[in-house]
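Numbering (the numbering used here) for the sequence shown: 1 to 302. C-beta: ideal position from N, C-alpha, C; glycine also. One structure is given below, encoded as structure tokens.
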Amino acid sequence: MIKPTSRKNFIRERSTDFVVGEPAKLFEFLQQKIGSSRNNIKSLLSKRLVSVDGAIETRYDYELKKGQKINVCFTGKKNTFSHPKISIIYEDDAFLVVDKKEGILSVPAPNHAAEDTVLKVMVGYVKRQNRQNALYTVHRIDRDTSGVLMFTKTPEVQQAVKAHWHDSDHRKVYYALVEGIVEKDEDTVESWLKEDPKTYIVHSYNYDNGGMYAVTKYKVIQRGNGRTLLKCEIPTGRKNQIRVHMQSIGHPIVGDVKYGAPVTSVKRLCLHATYLAIKNPMNGKMISFESPVPRIFYTVMK
Numbered sequence: 001m002i003k004p005t006s007r008k009n010f011i012r013e014r015s016t017d018f019v020v021g022e023p024a025k026l027f028e029f030l031q032q033k034i035g036s037s038r039n040n041i042k043s044l045l046s047k048r049l050v051s052v053d054g055a056i057e058t059r060y061d062y063e064l065k066k067g068q069k070i071n072v073c074f075t076g077k078k079n080t081f082s083h084p085k086i087s088i089i090y091e092d093d094a095f096l097v098v099d100k101k102e103g104i105l106s107v108p109a110p111n112h113a114a115e116d117t118v119l120k121v122m123v124g125y126v127k128r129q130n131r132q133n134a135l136y137t138v139h140r141i142d143r144d145t146s147g148v149l150m151f152t153k154t155p156e157v158q159q160a161v162k163a164h165w166h167d168s169d170h171r172k173v174y175y176a177l178v179e180g181i182v183e184k185d186e187d188t189v190e191s192w193l194k195e196d197p198k199t200y201i202v203h204s205y206n207y208d209n210g211g212m213y214a215v216t217k218y219k220v221i222q223r224g225n226g227r228t229l230l231k232c233e234i235p236t237g238r239k240n241q242i243r244v245h246m247q248s249i250g251h252p253i254v255g256d257v258k259y260g261a262p263v264t265s266v267k268r269l270c271l272h273a274t275y276l277a278i279k280n281p282m283n284g285k286m287i288s289f290e291s292p293v294p295r296i297f298y299t300v301m302k
């Protein structure tokens, strides 16, 4: 476990702390403690100015437990966030976890310097709270992949998470809609992946040719209309890993023309990062984050 120094802690504005004495709903607790009107309390929640045990909470009916710590920021600074391709799943002093839609880069990439990225947008968000705030990259998902994406707010947390990113108790789960009917209900794909430096296309090899060893475990969720929905877990996390592995077994991901899928009416890559679970280096406890599978993954199988 790590304990960031105060110098490295994520900076917040002037606030007041409370400790929950008895179980209660968050709204009722705030009414009792700060004696404000219903509208003012709703405003604090909607502006993301209330946190429970360090995590921002906006639900008025959130069930509080004895011993939990409540922080209320009274500066009036609005911490709301709105973006057509990004929504916040979770935020506390150590982490910022978002749900990104397809079509936006996670982080800057060569030859795409002018493009918006999730990192750029979210850095702007945290710096609106305080100019000294920053974000640090833990992992990335492809521009055309949607789903859970995690950042940290201190370099210490970033380093601790990345050091254990491939631990067996950490889980990275994707849903992939692939072309064709996959016959095996579940299987594991293992190979070495190597990127062509000229085309940026990743190739799969059944032998160690100096590439990155990659493992993808998949399980069939549903079959229909000549396609199969798979739940994929990746103990390793290589560039384009699931896309390349699905191509290698003859079932490219729907919409993935780069890796062998036919052009169809589906206007997106049907790959979604739906679940991420890691051990929190701040307290040693497991934390997990989810993003619902896009509805189109199911509708195109009908």
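Pair within 7 Å by beta-carbon distance, residue i and residue j
{"i": "Met282", "j": "Ala55", "result": "no"}
{"i": "His251", "j": "Gly180", "result": "yes"}
{"i": "Arg227", "j": "Met301", "result": "yes"}
{"i": "Ile104", "j": "Lys127", "result": "no"}
{"i": "Val202", "j": "Asn240", "result": "yes"}
{"i": "Ala24", "j": "Arg171", "result": "no"}
{"i": "Ile234", "j": "Ala176", "result": "no"}
Contacting residues, own chain, Cβ-Cβ under 8 Å from residue i (five flanking each side not counted)
{"i": "Glu22", "result": "Lys66"}
{"i": "Thr152", "result": "Ala94, Phe95, Leu96, Leu135, Tyr136, Val138, Gln158 and Val161"}
{"i": "Leu119", "result": "Ser106, Val107, Pro108, Leu135, Thr137 and Phe151"}
{"i": "Asn225", "result": "Val300, Met301 and Lys302"}
{"i": "Gly260", "result": "Gln247 and Pro252"}
Where the beta strand (DSSP E) containing residue i begins and where it ends
{"i": "Asn71", "result": "Lys69 to Cys73"}
{"i": "Ile86", "result": "Ile86 to Glu91"}
{"i": "Ile287", "result": "Met286 to Glu290"}
{"i": "Ile278", "result": "Leu271 to Lys279"}
Where the alpha helix (DSSP H) containing residue i begins and where it ends
{"i": "Ala163", "result": "Pro155 to Ala163"}
{"i": "Arg38", "result": "Arg38 to Ser46"}
{"i": "Lys217", "result": "Premise fails: Lys217 lies in the beta strand (DSSP E), Met212 to Gly224, not in any alpha helix (DSSP H)."}
{"i": "Ile296", "result": "Ile296 to Thr299"}
{"i": "Arg128", "result": "Val118 to Gln129"}
6 Å Cβ shell around residue i - same chain, five flanking residues per side excluded
{"i": "Arg12", "result": "Interpretation of Arg12 is limited by its pLDDT of 46, a score under 50 that renders its predicted location unreliable; no figure is taken from the coordinates."}
{"i": "Glu290", "result": "Tyr275"}
{"i": "Ser6", "result": "Because Ser6 sits at a pLDDT of 39, beneath the cut-off of 50, its placement in the model cannot be relied upon, and the following sentence gives the value as read from the coordinates. So the list is empty, once near-sequence residues are dropped."}
Rounded distance between the beta-carbons of residue j and residue i, thought under 8 Å
{"i": "Thr145", "j": "Leu269", "result": "6 Å"}
{"i": "Leu149", "j": "Lys101", "result": "With 8 Å as the limit, Leu149 and Lys101 do not qualify as a contact, their Cβ atoms being about 11 Å apart."}
{"i": "Tyr213", "j": "Thr236", "result": "7 Å"}
{"i": "Tyr174", "j": "Cys232", "result": "5 Å"}
{"i": "Ile41", "j": "Phe27", "result": "6 Å"}
Close Cβ partners of residue i (< 7 Å) along its chain, the five nearest in sequence each way excluded
{"i": "Glu263", "result": "One point to set straight first is that residue 263 is Val, not Glu, in the sequence displayed. For Val263, where only same-chain residues beyond five positions count, the Cβ hits under 7 Å are Val257."}
{"i": "Pro292", "result": "none"}
{"i": "Val20", "result": "Phe29, Leu64, Lys65, Lys66, Gly67, Gln68 and Ile70"}
{"i": "Leu45", "result": "Thr58 and Tyr60"}
{"i": "Tyr205", "result": "Ser191, Trp192, Lys194 and Gly211"}
{"i": "Glu33", "result": "The question names Glu, yet the displayed sequence has Lys at residue 33. Around Lys33: Phe18."}
Next on the checklist: I'd like to know if the segment 135-146 and the segment 185-203 are in contact, where contact means that at least 3 CB-CB pairs between them fall below 8 Å.
Outcome noted: Flag = no, the segment 135-146 and the segment 185-203 do not touch.
Next on the checklist: I'd like to know if the segment 214-226 and the segment 173-188 are in contact, where contact means that at least 3 CB-CB pairs between them fall below 8 Å.
Outcome noted: As far as the Cβ criterion goes, the segment 214-226 touches the segment 173-188, which means the pair count is three or higher.
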